[in-house]
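Residue numbers (full-length UniProt numbering): 38 to 400. Just so you know, even glycine gets a beta-carbon here, dropped at the ideal spot from N, CA and C.
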Ligand code: GLA
């Protein structure tokens, strides 16, 4: 028996690049999902959550959860049960899980990945199965894809399992290789604010899958395995007829360069300068990839007017959170300006979290 914790994440930069075999730069939050678990040897997994009224009991040996058409009030349990069904092939078995979370749900901070990763670690430890963390991240992603039926990339699960305190994780989603990049905004006199825009985010909505399909179509028209491989952007844009696909390619290719530039700036200790990368990323997500939403645009706008160095939407889009990089001395004023912008429009007030790069999942 024991207790396992896996954190949510913020992605500094590298959005909609993971499923294009590209680069991402997330860090782990201090908030996350906690799983108290006990081993069961009867091939059954039972899960309860302090955030959900219904408990779920299911056989570990079963078809993909998504094919069983679970009702909406059990949908959350597809993540832990899905992980158990995927990991079963690697020698784990049943368990009783009690889940608790201090991550706001639907805020685009990867509460589902945190739930998958805490469950995966618990099942491996309880059944004495050893899987290295990069491989475990891929298995948790597989559970989300095949079991929960959500076509996410590799970023969130990797962030939850591989991040370390005081660092962002530079992950190459093709090779799976990663490195720790020191990231300590407070030491540079900066505050990184996470603004939950309260517009709820879900990847199941169809637009995420559509973006993935557009990227795959563009890659195949360009004759490359993935958009990661586009080296000559101008030539690629010249050869694509569809203006929508051209915009998608423009975003993915430039976003990969922004990750590399940001890593360079962070390693050089030039933290304020990377605000410009955040702004460029936001405009590209808004205008080229077309996944931003009104609250996110208004947040970035109000924050910049109040003296922030940069800001951008994070995650899949169409809801969720925004990050804002502000001089520590101005952070409060920036927060007030954002709140005032929401008030003026009659929107639900935003919620703020100070983001401190924290450790990944642990027992
Ligand atoms: C969601 C997905 C990730 C990634 C981001 C966009 O968070 O779960 O895999 O694709 O969107 O960068």
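Beta strand (DSSP E) segment containing residue 209, residue limits: 204-209
Can you tell me which residues form a DSSP beta bridge with residue 86? 136
In the DSSP output, which residue or residues are listed as bridge partners for residue 142? None, per the DSSP bridge assignment.
Classification of residue 342 by the beta-carbon crowding that lies within 10 angstroms, buried from 16 upward: Exposed.
Any residue whose CB is nearer than 5 Å to a heavy atom belonging to ligand 1, listed in chain order: 52, 53, 55, 189, 190, 192, 193, 352 and 353
For the alpha helix (DSSP H) that contains residue 340, what are its first and last residues? 331-342
Candidates 76, 60, 347 and 142, of which the one nearest residue 165 by Cα: 76
Helix, strand or coil for residue 113 per DSSP? helix
Just how far apart, CA to CA, sit residue 370 and residue 263? 42 Å
With hydrogens ignored, establish whether the beta-carbon of residue 304 is closer than 7 Å to any heavy atom of ligand 3. Ligand 3 is absent from the structure shown, which contains only ligand 1.
Which class does residue 233 belong to by DSSP, given the choice of helix, strand or coil? strand
Nearest CA to the CA of residue 306: which residue from 261, 359 and 227? 227
Write down the C-beta distance between residue 113 and residue 72 rounded to the nearest angstrom, noting that I regard them as a contact closer than 8 Å. The pair is not a contact, with the Cβ atoms about 13 Å apart (cut-off 8 Å).
Pull up the distance between the alpha-carbon of residue 390 and that of residue 70, whole angstroms please. 16 Å
For residue 322 and residue 350, believed in contact at Cβ under 8 Å, the rounded distance: 6 Å
Pairwise C-alpha distance: residue 207 and residue 300: In this structure, the straight-line span from the alpha carbon of residue 300 to that of residue 207 is close to 8 Å.
Candidates 231, 93 and 286: closest to residue 268 by CA position: 286
Quick one: grab the DSSP three-state call for residue 355. coil
If you run the structure through DSSP and keep just helix, strand and coil, what is residue 325? coil
Between residue 333 and the rest of its own chain, which residues show a CB-CB distance below 7 Å, the 5 nearest in sequence each way excluded? Answer for residue 333: 234, 350 and 359, listed in chain order.
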